[in-house]
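For the sequence shown, this note's numbering gives the first residue as 25, with consecutive numbering after it.
We put the beta carbon where it would ideally sit given N, CA and C, even for glycine.
These figures come from a predicted structure and were not determined experimentally.
Single-structure report; data block below.
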Amino acid sequence: LDAANLNPINFPCIEIQTFPDPTVHNDQLTSLKQKDYLIFTSANAVLHADLLLSKHWPTLNNTLVAIGPKTAEALCAVGLKPSIIAQAPFNSESLLRQFPSSLQNKTCAIIKGEGGRPFLAEQLRQRGMTLSNIDVYRRSLPSYRPSPTQTLHYITITSQLALSNLFSLMKNRAGQLKQQSHFIVFSQRIADYAISLGCQHVHICHEASDDGLVRAIVEVKKANEF
Numbered sequence: 025l026d027a028a029n030l031n032p033i034n035f036p037c038i039e040i041q042t043f044p045d046p047t048v049h050n051d052q053l054t055s056l057k058q059k060d061y062l063i064f065t066s067a068n069a070v071l072h073a074d075l076l077l078s079k080h081w082p083t084l085n086n087t088l089v090a091i092g093p094k095t096a097e098a099l100c101a102v103g104l105k106p107s108i109i110a111q112a113p114f115n116s117e118s119l120l121r122q123f124p125s126s127l128q129n130k131t132c133a134i135i136k137g138e139g140g141r142p143f144l145a146e147q148l149r150q151r152g153m154t155l156s157n158i159d160v161y162r163r164s165l166p167s168y169r170p171s172p173t174q175t176l177h178y179i180t181i182t183s184q185l186a187l188s189n190l191f192s193l194m195k196n197r198a199g200q201l202k203q204q205s206h207f208i209v210f211s212q213r214i215a216d217y218a219i220s221l222g223c224q225h226v227h228i229c230h231e232a233s234d235d236g237l238v239r240a241i242v243e244v245k246k247a248n249e250f
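Written out as structure tokens, the structure is:
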């Protein structure tokens, strides 16, 4: 964004928190090697699992799965090598295309944040997989911080929660942002949610990545130049 002269402003809308009592999660994580597949849904999932295990992972012979390249990089950073990495646009739908249509007698653990979208788990269960979720962190609304006062031409949104929290954190400007700002989002699902909240200018990335966000903003900027 800097290189494209877009003057980025960092304004985190989700705070990632560890669990106050990690005992249950540690017990779940130490049994990982019993599963056929381990799916990591984000780099945060890898990081917090690593913290909960005090960086001592059990020996894993499972098929390790990453939702995208950043998650794969995080796995490699802790000494784990993913066998399956979701292809562009790096979401649950693209990941499912890399799994067999029948998963009878297969077991899986999804390492993820608390809550979140249940779509992936539901689809795998429909294919016959026995599946459990292991939540290793939680998302919350950040503590109050001063809001940017500049005109916000473009706003990048990577989840429905991020958008909801944005309007909670910037209540006084929410109406103005919905009318005037261009919202660059990761998926049609998030776009539909943004439109339901009253956002007038919503654009979907070609892929759910930082590069995808930048390309989308540059395209929108060019389309609005006269």
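Pair within 7 Å by beta-carbon distance, residue i and residue j
{"i": "LYS130", "j": "ASP60", "result": "yes"}
{"i": "TYR161", "j": "HIS206", "result": "no"}
{"i": "SER2", "j": "MET153", "result": "There is simply no residue 2 to check, as the chain begins at 25 and stops at 250 in what is shown."}
{"i": "CYS229", "j": "PHE210", "result": "yes"}
{"i": "ASN50", "j": "LEU71", "result": "no"}
{"i": "ALA215", "j": "VAL226", "result": "yes"}
{"i": "ALA69", "j": "ILE135", "result": "yes"}
{"i": "SER116", "j": "LEU144", "result": "yes"}
{"i": "ARG151", "j": "LEU127", "result": "yes"}
Beta-bridge pairing of residue i - partner residues as DSSP gives them
{"i": "ARG163", "result": "ILE40"}
{"i": "HIS80", "result": "HIS80 is not bridged to any residue."}
{"i": "CYS132", "result": "TYR61, LEU155"}
{"i": "THR180", "result": "ILE208"}
Selected residue, minimal CA-CA separation from residue i, among the options
{"i": "ALA110", "options": "LEU56, ARG197, GLN203, LYS94", "result": "LYS94"}
{"i": "VAL238", "options": "THR182, GLN212, GLN174", "result": "THR182"}
{"i": "LEU148", "options": "ALA90, ILE214, LEU120", "result": "LEU120"}
{"i": "PRO113", "options": "VAL102, ILE91, LEU187", "result": "ILE91"}
{"i": "PRO32", "options": "ASP234, ASN248, GLU249", "result": "ASP234"}
{"i": "LEU185", "options": "GLN203, GLU138, GLN204", "result": "GLU138"}
{"i": "SER78", "options": "VAL102, ASN86, ALA96, LEU84", "result": "VAL102"}
{"i": "GLN204", "options": "GLN174, ARG213, ALA232", "result": "GLN174"}
Whole-number beta carbon distance between residue j and residue i, since they are thought to touch under 8 Å
{"i": "LEU62", "j": "LEU56", "result": "6 Å"}
{"i": "ALA133", "j": "ILE158", "result": "5 Å"}
{"i": "LEU221", "j": "CYS37", "result": "Not a contact, Cβ separation roughly 14 Å."}
{"i": "LEU165", "j": "SER192", "result": "6 Å"}
Residue burial classification, residue i (beta-carbon count within 10 angstroms, cutoff 16)
{"i": "SER66", "result": "buried"}
{"i": "ALA28", "result": "exposed"}
{"i": "GLU146", "result": "exposed"}
{"i": "PHE64", "result": "buried"}
{"i": "ALA247", "result": "exposed"}
{"i": "THR47", "result": "exposed"}
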